[in-house]
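Asks: Here's a structure for you.
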Amino acid sequence: MDCIPVWVFLLCLTAVSVSSAQPVELNLRVGDTVTFPTAVHNEGSLMHAGKLYNLTVYISVTTPHISVSGNKVHPTLVCTVDGGTQVTLSFYREGKTHHLVNSAPSLKLSQPVTENGTYTCEAKNPISTEKTSITVGNHWTVHVSAPHISVIRNEYPCSLLCTVERGTQVTLAWYRKGEEESFVSSLVSNTPHVYLPQTVYESGTYTCEAVNSVSRERSSVTVGKKCAVNVRSCSDSWIIGLIVIGMFIIIGAILASVGIMACINPKFNEGLRRLLGGEEDTLEVNNGE
Numbered sequence: 001m002d003c004i005p006v007w008v009f010l011l012c013l014t015a016v017s018v019s020s021a022q023p024v025e026l027n028l029r030v031g032d033t034v035t036f037p038t039a040v041h042n043e044g045s046l047m048h049a050g051k052l053y054n055l056t057v058y059i060s061v062t063t064p065h066i067s068v069s070g071n072k073v074h075p076t077l078v079c080t081v082d083g084g085t086q087v088t089l090s091f092y093r094e095g096k097t098h099h100l101v102n103s104a105p106s107l108k109l110s111q112p113v114t115e116n117g118t119y120t121c122e123a124k125n126p127i128s129t130e131k132t133s134i135t136v137g138n139h140w141t142v143h144v145s146a147p148h149i150s151v152i153r154n155e156y157p158c159s160l161l162c163t164v165e166r167g168t169q170v171t172l173a174w175y176r177k178g179e180e181e182s183f184v185s186s187l188v189s190n191t192p193h194v195y196l197p198q199t200v201y202e203s204g205t206y207t208c209e210a211v212n213s214v215s216r217e218r219s220s221v222t223v224g225k226k227c228a229v230n231v232r233s234c235s236d237s238w239i240i241g242l243i244v245i246g247m248f249i250i251i252g253a254i255l256a257s258v259g260i261m262a263c264i265n266p267k268f269n270e271g272l273r274r275l276l277g278g279e280e281d282t283l284e285v286n287n288g289e
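In this text, residue positions in the sequence shown follow the UniProt record's numbering: the first is 1, and each later residue adds one.
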């Protein structure tokens with residue numbers, strides 16, 4: 001039996017570790033892309049298998065600074081940062097995001113003050129986050145926005161709801177056209193709405209007024225007869241009921257008068273008996289036939 005020689009070739013690959021490589025100084029700028037080659041040692045020679053890695057250089061953001069511009073009537077908060085790359089600035093008020101913008105490279109963000117409270121500016125990039133807060137107190141007065149009126153029709157008669165979205169120390173009041181005095185007024189420092197305290201019995205134009213020390217806004221809505229149709233039906237039923245009761249009272253009074261006359265005047269009583277008796281005779285004759 002012939003022997004077939006088998007040759008086994010071994011290729012030894014040795015990867016050059018980073019720790020054993022010589023340090024290389026990279027002169028990079030922000031956003032530069034560099035190539036890191038993979039070095040493979042093969043039988044004493046060095047082969048390079050190039051693989052591209054993207055390297056982005058970031059600069060950490062600095063602590064943001066908040067300043068107040070404008071006046072006490074139209075205050076605006078301005079957030080700025082002095083350092084950082086690819087920074088995103090955000091404004092929050094008491095845990096709610098009010099404004100969000102990627103402001104690079106200006107690194108500046110403005111936020112109108114719509115309500116009193118604590119405002120926080122957050123500066124953030126992929127490697128760092130910094131925050132600064134400021135509290136806007138009651139000494140700032142914000143203009144009221146135009147009221148919004150909604151008609152609640154889920155039950156009759158209708159009711160009206162007035163809301164405002166912006167303003168500090170606002171007083172809301174309801175008026176009906178042709179009437180100077182308001183139905184209700186309420187200070188809405190904490191709750192931004194007030195209900196009309198009476199049902200809509202009459203159609204017409206209703207006006208909600210929002211007022212504070214620096215501004216006044218009004219909105220109106222015209223309510224038709226449909227909002228009070230059930231109320232009017234109810235009123236009609238009351239009228240019908242009163243008429244029926246009145247008729248019973250009149251009939252009772254007539255019967256009472258007849259009874260009194262029968263007791264006082266014997267002739268009236270005798271005539272009444274004859275009348276009733278005649279009717280009875282007539283009935284008897286008819287029955288006989």
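C-beta: ideal position from N, C-alpha, C; glycine also.
Assign F248 to one of two classes, buried (16 or more other C-beta atoms within 10 Å of its C-beta) or exposed (fewer than that).
Replies: As a position in the sequence shown, residue 248 is number 248, starting the count at 1. Label assigned to F248: exposed.
Asks: If you draw a straight line from the C-alpha of V211 to the C-alpha of S145, how long is it?
Replies: Against the sequence shown, residue 211 aligns to sequence position 211. Against the sequence shown, residue 145 aligns to sequence position 145. Computed Cα separation, rounded: 10 Å.
Asks: For the candidate residues T114, S128, I264 and T207, whose alpha-carbon lies nearest to that of S150?
Replies: For the purposes of this step, residue 150 is taken as residue 150 along the sequence shown, with counting starting at 1. Answer by Cα proximity: T207.
Asks: Assuming P112 and T76 make a contact with CB atoms under 8 Å, what is their CB distance in whole Å?
Replies: The residue given as residue 112 occupies position 112 in the sequence shown. The residue given as residue 76 occupies position 76 in the sequence shown. Indeed they touch by this definition, with Cβ atoms about 5 Å apart.
Asks: So the beta strand (DSSP E) H148 belongs to, where does it begin and stop?
Replies: Counting from 1 along the sequence shown, the entry for residue 148 is found at position 148. Note, H148: beta strand (DSSP E), H148 to I152.
Asks: How many Å lie between L172 and S215 at the Cα?
Replies: Numbered from its first residue, the sequence shown carries residue 172 at position 172. Numbered from its first residue, the sequence shown carries residue 215 at position 215. L172 and S215: Cα-Cα distance of roughly 12 Å.
Asks: Kindly give me the distance between the Cβ atoms of Y92 and T120, rounded to whole angstroms, as I take these residues to be in contact under 8 Å.
Replies: Along the sequence shown, read from residue 1 onward, the residue named residue 92 stands at position 92. Along the sequence shown, read from residue 1 onward, the residue named residue 120 stands at position 120. About 5 Å separates the two Cβ atoms, so the contact holds.
Asks: Using only the alpha-carbon positions, how far apart do Q86 and Q169 sit?
Replies: As a position in the sequence shown, residue 86 is number 86, starting the count at 1. As a position in the sequence shown, residue 169 is number 169, starting the count at 1. The alpha-carbon atoms of Q86 and Q169 are separated by roughly 39 Å.
Asks: Does DSSP put K177 in a helix, a strand or coil?
Replies: On the sequence shown, residue 177 is found 177 positions in, with the first residue counted as 1. It is coil, neither helix nor strand.
Asks: Taking a contact to mean a Cβ-Cβ separation below 8 Å, would you say V142 touches G167 in this structure?
Replies: Your numbering for residue 142 matches position 142 in the sequence shown. Your numbering for residue 167 matches position 167 in the sequence shown. Yes, they are a contact pair.
Asks: On the three-state DSSP scale, how would you describe C158?
Replies: The sequence position of residue 158 within the sequence shown is 158, counting from 1. Coil at C158, not helix or strand.
Asks: Considering S219, what are the terminal residues of the beta strand (DSSP E) in which it resides?
Replies: As a working mapping, residue 219 is identified with position 219 in the sequence shown. Counting along the chain, the beta strand (DSSP E) containing S219 begins and ends at R216 to V223.
Asks: Locate the beta strand (DSSP E) running through K226, then write down its first and last residues.
Replies: Walking along the sequence shown from the start, residue 226 turns up at place 226. Careful: K226 lies outside any beta strand (DSSP E) and carries neither H nor E.
Asks: DSSP three-state label for V136, please.
Replies: For the purposes of this step, residue 136 is identified with residue 136 of the sequence shown, where counting begins at 1. Of the three classes helix, strand and coil, the one that applies to V136 here is strand, per DSSP.
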